[in-house]
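Heads up, the thing below is written out as structure tokens.
Number of protein chains: 2
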Amino acid sequence: MTVTTTTSADLRSESVRTLYDQVMARCKDIDHLNGIGGLLNWDQEVMMPPKATAVRSEQLSVLVGVLHEIQTSPVQGALLDELEYRQQHEDLSIVLNPYELANIRLARKAYKEETLVPVEVAKASAALSSKSAAAWAAARKESDFSKFAPFLEEQIKLLRQSMGYKIRGGSKEEARKINEKARASLGLSETDECYKGYYQGLMNIYETGFKEDRLQALFADLKKHLIPLIAKIKAKNFQHDNSFLLRDYDITKQIEFSHSLAKKIGFDTDAGRLDVSTHPFSGGAHPTDIRMTTRYTLNNIKEGITATVHETGHSVYEQGRNKEYFGTPVSQALSLGIHESQSLLWERMVGLEKPFWTYALPLLKEKYPEDTQLQSVTVDQFYLGFNRVEPGFIRIEADEVTYPMHVILRYEIEKALVEGDIEVADVPALWNAKMKEYLGLDVTEDRLGCLQDIHWSFGMVGYFPTYSLGSIYSVQIFTHARESIPNLDEHLAKGEFHVLKEWLNKNIHQQGSLRESGDDLVFDLTGKHLDSSLYVKYLTDKYTAIYDL
Amino acid sequence: MTVTTTTSADLRSESVRTLYDQVMARCKDIDHLNGIGGLLNWDQEVMMPPKATAVRSEQLSVLVGVLHEIQTSPVQGALLDELEYRQQHEDLSIVLNPYELANIRLARKAYKEETLVPVEVAKASAALSSKSAAAWAAARKESDFSKFAPFLEEQIKLLRQSMGYKIRGGSKEEARKINEKARASLGLSETDECYKGYYQGLMNIYETGFKEDRLQALFADLKKHLIPLIAKIKAKNFQHDNSFLLRDYDITKQIEFSHSLAKKIGFDTDAGRLDVSTHPFSGGAHPTDIRMTTRYTLNNIKEGITATVHETGHSVYEQGRNKEYFGTPVSQALSLGIHESQSLLWERMVGLEKPFWTYALPLLKEKYPEDTQLQSVTVDQFYLGFNRVEPGFIRIEADEVTYPMHVILRYEIEKALVEGDIEVADVPALWNAKMKEYLGLDVTEDRLGCLQDIHWSFGMVGYFPTYSLGSIYSVQIFTHARESIPNLDEHLAKGEFHVLKEWLNKNIHQQGSLRESGDDLVFDLTGKHLDSSLYVKYLTDKYTAIYDL
Chain W
126 MTVTTTTSAD
136 LRSESVRTLY
146 DQVMARCKDI
156 DHLNGIGGLL
166 NWDQEVMMPP
176 KATAVRSEQL
186 SVLVGVLHEI
196 QTSPVQGALL
206 DELEYRQQHE
216 DLSIVLNPYE
226 LANIRLARKA
236 YKEETLVPVE
246 VAKASAALSS
256 KSAAAWAAAR
266 KESDFSKFAP
276 FLEEQIKLLR
286 QSMGYKIRGG
296 SKEEARKINE
306 KARASLGLSE
316 TDECYKGYYQ
326 GLMNIYETGF
336 KEDRLQALFA
346 DLKKHLIPLI
356 AKIKAKNFQH
366 DNSFLLRDYD
376 ITKQIEFSHS
386 LAKKIGFDTD
396 AGRLDVSTHP
406 FSGGAHPTDI
416 RMTTRYTLNN
426 IKEGITATVH
436 ETGHSVYEQG
446 RNKEYFGTPV
456 SQALSLGIHE
466 SQSLLWERMV
476 GLEKPFWTYA
486 LPLLKEKYPE
496 DTQLQSVTVD
506 QFYLGFNRVE
516 PGFIRIEADE
526 VTYPMHVILR
536 YEIEKALVEG
546 DIEVADVPAL
556 WNAKMKEYLG
566 LDVTEDRLGC
576 LQDIHWSFGM
586 VGYFPTYSLG
596 SIYSVQIFTH
606 ARESIPNLDE
616 HLAKGEFHVL
626 KEWLNKNIHQ
636 QGSLRESGDD
646 LVFDLTGKHL
656 DSSLYVKYLT
666 DKYTAIYDL
Chain R
126 MTVTTTTSAD
136 LRSESVRTLY
146 DQVMARCKDI
156 DHLNGIGGLL
166 NWDQEVMMPP
176 KATAVRSEQL
186 SVLVGVLHEI
196 QTSPVQGALL
206 DELEYRQQHE
216 DLSIVLNPYE
226 LANIRLARKA
236 YKEETLVPVE
246 VAKASAALSS
256 KSAAAWAAAR
266 KESDFSKFAP
276 FLEEQIKLLR
286 QSMGYKIRGG
296 SKEEARKINE
306 KARASLGLSE
316 TDECYKGYYQ
326 GLMNIYETGF
336 KEDRLQALFA
346 DLKKHLIPLI
356 AKIKAKNFQH
366 DNSFLLRDYD
376 ITKQIEFSHS
386 LAKKIGFDTD
396 AGRLDVSTHP
406 FSGGAHPTDI
416 RMTTRYTLNN
426 IKEGITATVH
436 ETGHSVYEQG
446 RNKEYFGTPV
456 SQALSLGIHE
466 SQSLLWERMV
476 GLEKPFWTYA
486 LPLLKEKYPE
496 DTQLQSVTVD
506 QFYLGFNRVE
516 PGFIRIEADE
526 VTYPMHVILR
536 YEIEKALVEG
546 DIEVADVPAL
556 WNAKMKEYLG
566 LDVTEDRLGC
576 LQDIHWSFGM
586 VGYFPTYSLG
596 SIYSVQIFTH
606 ARESIPNLDE
616 HLAKGEFHVL
626 KEWLNKNIHQ
636 QGSLRESGDD
646 LVFDLTGKHL
656 DSSLYVKYLT
666 DKYTAIYDL
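In the order they appear, the protein sequences are chains W and R.
Numbers given in my numbering equal positions in the first sequence, counted from 1, plus 125.
Numbers given in my numbering equal positions in the second sequence, counted from 1, plus 125.
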């Protein structure tokens, strides 16, 4: 470890630069330990032999304990307090640049988050999560929500408990404001139960600084336009041929093709790996050591390509982070929504569109010269087959038009659950009613409904919206990129992806966590707050043309 | 972390069992963090992308810092002190079994070792090692020892410094006794420089509890018999044909063959992996997560087979450790010499011999049905070609007859260096003189002489003898196995390796660190102290027959 310990009595005489450096030294240690955790997780999914499962979970738990010790170090607290005192009495921007000032803000926030919740609550939550995930898996197998319900209830209780500490301790300012307002309007005292605003706090764990009332407005707009659009497409009762995607495609060649796409987009294989796992993900230990995975299906070539391009989007974000501030909070990805915007931008804005396939289809044909059906497919036909819309029960299989409805449904239910407007027992009926309303589908089994996602079993509530924020961000960012980069579509059609990648490096990746929210980042970049109308227009125009609505 | 903190004032009222459990809880955390380090090292050699080199070394250094904090925790010290007090006043063997008593002894020893040396010295040593290794690599490239000499001098100085702390602090008892005796005989005071006994201490880092005077006796015996044996073989000026080993062997099939051998010997692929790296090794994170590597050469099939069987020996030792005491010191491998005895037992006692090849040669022929030369080789011919003796400059390429001389030469030089009988500048001339004496070779370049090994650059002095202790152990253990297991050779000739593996599991692997030295382990097993005459007889008989001496 590079950390030196300084007692708080000494601190007043230290320079701001020295205090800053000491805080950052500990941040870098934390970053390295997190990186080690990332590597252990990757290894577990990709390399680890099966009998090591038990010991790996013990190793991770020891690592979490070590991290907690460092993250809650009283020395770090004293340094941050001293910097706060200086900030109140001096203009630190004379000594520190905006990145460094952001680092202090972020380090203070992280320290607060980690220290406010008593370690017993954090431990109870970790212990519950592994039991709860097992119960979820068993309940899903039997398609019986009631078997999972007691665990979900327990998770909600613990989430409220830990969020209560954070809100009262002031690390979740927005949530506190909402909570106080609700208490006042209901005439409640500090000790009365009131969970209004808790969803805001939970969401901000994943989507920093984003206000829930903005989310509500965005989602209302999506519902208003997408429910009718989906109904219209359904009513057409027509599908474009995609049989050429569903033939047997040799896996080794799929791997070669996906690797070449990832590299072409800009994934640096000297600073990362692409392997195979059951669930594709992008992780690893550091921007110089990114581990992404994908998966391949013999008789569905779309799956491997889409997963690879998606994960490449995440990975080039990580590889593109600001080198100068490696190891410090400001170089880290801003939020899950912004992360998802990068994967979806490449997967959808690029990877579903004609310019991309103008470049890639000939290469795919070269890989499978013996496949006469593939050889005869035109880019137009490929595009139509690749962009089918089919409302279905399962979120992770959803197309870009129906996906937001899956997210909004979950958002509405999890918010009501956490804030006490519904009971856990109400979930299945509510889920099924919303599926009917939004996608016109009758859910017959919990397995295909409220038991399909693992997130709640881990206590991940407030996470789902980031998927759709990612979509909305991605359209707005890509629209701006198209306005800013001359002849972007022509570049893409020639496989000159670096033009777009470098633009994203500069405008998104290297910006890191300099801003306080994704909304701020988008505003500074495009001159507009996050705007669902661009997203709605993109989907409406595209699918009106595809389905001749 | 599973550790609870107890202040020392409370300890007198705690039960021995409670004290023991608390010490072990911390040992298990340490074991997990070491396991994580093992995984990081494996990943670095096998999986890591090249640009991650810098960050991986930072991660490892943070991990070392965290480990040091836990290993030197004052709480652990207080618990161990209290257990020592109890041990002086009660009979702990009523409460604790021999494994648990060994755990206390080993935990105390580890704690002492880690706390006696000031952290600055440990850090200086780590910092020097990376610089020194780079200097060694550069010097070797230029074949110029003088470029490496200043770094070796610095390492010797630091080694003496840290060994001084350990000797004075009493963690190296044997070394202290020797040192005091030498001081007395030379009429030196405590403050006068005297490094006699330091080699004993250094050797015990790698070969716990082994006395150097026993080592001297063993090595003297080897020199007495092996130097003439080597000279005789050389004088014969005859070699058996081994051209059938040096043909182009398809690597994929080599991999399949090696994997099948490893599994057949008993490597559990559900609790480990076999991959490829530049230098074969056996490492990993835990007995349920062993990562071993090997390497393959297209036109030398012996290399891949030998390396795989060797590493399999290490790995089945690790996988065979005592499950009941996983995570505690007593379940750990006893010493490097004993570890090497397990790899060499499989590589040489089994893998060089006719019973093994009676089983394996037909399988190798099946792999390469198109190779008519291989098809015509008999087991006898294969045996003769596989067991060639050729004195050479390079230790890692040496056969089993000349290997000990490489080790003895290094031992004699490094001991003299550390204890102050020669200067660093004397090394090349001394090396070359000994090569001439022991193997009859004229060293013309430092690259092929005193610059060939990386060990000294890392400050690993006292390590080399474990290679030859391993050979001597392996012969004695295998000789005893053959006496204990009815028809062992017949089992081996049928590929029934489990008979031997299970015997080793019980008699070596599961014994862990219960005993205080490898010599004790061998004595309890065979009724005799480590005995070089068995080894000398094995080599003499075998090669007298092979070379018709």
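Quick reminder that beta carbons are idealized off the backbone N, C-alpha and C, glycines included.
Predicted model only: the values in this text are computed from it and were never measured.
Residue environment for Ser271/W: exposed (fewer than 16 other C-beta atoms within 10 angstroms of its C-beta). Taking C-beta atoms as the reference points, Ser268/W and Leu674/W fail to come closer than 8 Å. Annotated as proximal: Ser468/W and Gly438/W, with beta-carbon spacing under 8 Å.
Phe369/R is not a Cβ neighbour of Leu488/R, given a cutoff of 8 Å. Taking 8 Å as the cut-off, the Cβ atoms of Pro454/W and Ala235/W count as close. At a Cβ-Cβ threshold of 8 Å, Gln280/W and Ser255/W do not count as neighbours.
At a cut-off of 8 Å between beta-carbon atoms, Ala203/W makes no contact with chain R.
Annotated as distal: Tyr668/R and Val532/R, with beta-carbon spacing of 8 Å or more. Ranked by Cα distance from Phe451/W, the options Pro405/W, Ser466/W, Ala606/W, Pro412/W are led by Pro412/W.
For a Cβ distance threshold of 9 Å, residue set His157, Gly160, Ala410, His411, Pro412, Thr413, Asp414, Phe451, Gly452 of chain R lies close to Val180/W, ordered along the chain.
Chain-order list of chain W residues neighbouring Met173/R: Asp414, by C-beta distance under 7 Å.
DSSP places Arg398/R within a strand segment (E or B) once states are collapsed to three. Between His616/W and Phe603/W, the alpha-carbon positions lie close to 14 Å from each other.
Between Ala432/W and Pro405/W, the gap from beta carbon to beta carbon is short of 8 Å.
Taking each of Asp375/R, Glu449/R, Leu399/R, Tyr374/R in turn and checking the Cα distance to Ser385/R, the smallest one comes out for Leu399/R.
Taking the C-beta atoms as reference points, Glu443/R is found nearer than 8 Å to Ile415/R.
Interface criterion not met: the Cβ of Gly595/W is under 8 Å from no Cβ in chain R. Only exposed fits Lys282/R, as fewer than 16 other CB atoms lie within 10 angstroms of its CB. For Val244/W, the nearest beta carbon of chain R is not closer than 8 Å to its own beta carbon.
Three or more beta-carbon pairs separated by less than 8 Å link the segment 626 to 641 of chain R to the segment 456 to 475 of chain R, which places the two stretches in contact.
Proximity of Arg233/R to chain W, defined by a Cβ-Cβ separation below 8 Å, is not satisfied.
The beta-bridge partner set that DSSP reports for Ile415/R consists of Gly397/R, Gly409/R. Of all residues in the segment 367 to 401 of chain W, those with a C-beta nearer than 7 Å to a C-beta of chain R are Thr394, Asp395, Ala396, Gly397, Arg398, reading in chain order. If only uninterrupted alpha helix (DSSP H) runs of at least 4 residues are considered, those enclosed by the segment 581 to 610 of chain R are 590 to 609. In the DSSP annotation of this structure, the continuous segment of the alpha helix (DSSP H) that includes Lys490/W starts and ends at 479 to 492. Contact between Phe583/W and Glu539/W does not hold, since the beta-carbon distance rounds to 13 Å and is not under 8 Å. Put simply, of Ile380/R, Gly391/R, Asp395/R, Met173/R the residue whose alpha carbon is nearest the alpha carbon of Thr419/R is Ile380/R. Chain order gives the chain W residues near Glu183/R as His157, where near means a beta carbon separation below 7 Å.
Glu465/W and Ser599/W have their C-alpha atoms some 8 Å from each other. Between Ile597/W and Ser657/W, the C-beta gap is smaller than 8 Å, which places the two residues in contact. Within the segment 186 to 199 of chain R, those residues whose Cβ lies closer than 9 Å to any Cβ of chain W are, in chain order, Ser186, Val187, Leu188, Val189, Gly190, Val191, His193, Glu194, Ile195.
Scanning its chain for C-beta atoms nearer than 7 Å, with the 5 sequence neighbours on each side dropped, one finds around Leu477/R the residues Phe511, Asn512, in chain order. Taking C-beta separations shorter than 8 Å and ignoring five residues to either side along the sequence, the partners of Val148/R in its chain run Gln201, Leu204, Leu205, Leu208, Asn228, Ile229, Ala232, following chain order. In summary, Leu371/R is exposed, with fewer than 16 beta-carbon neighbours lying within 10 Å of its beta-carbon over all protein chains present.
Under DSSP, Asn425/R shares a beta bridge with Thr422/R. The criterion of a C-beta distance shorter than 8 Å is not satisfied by Ile219/W and Leu192/W.
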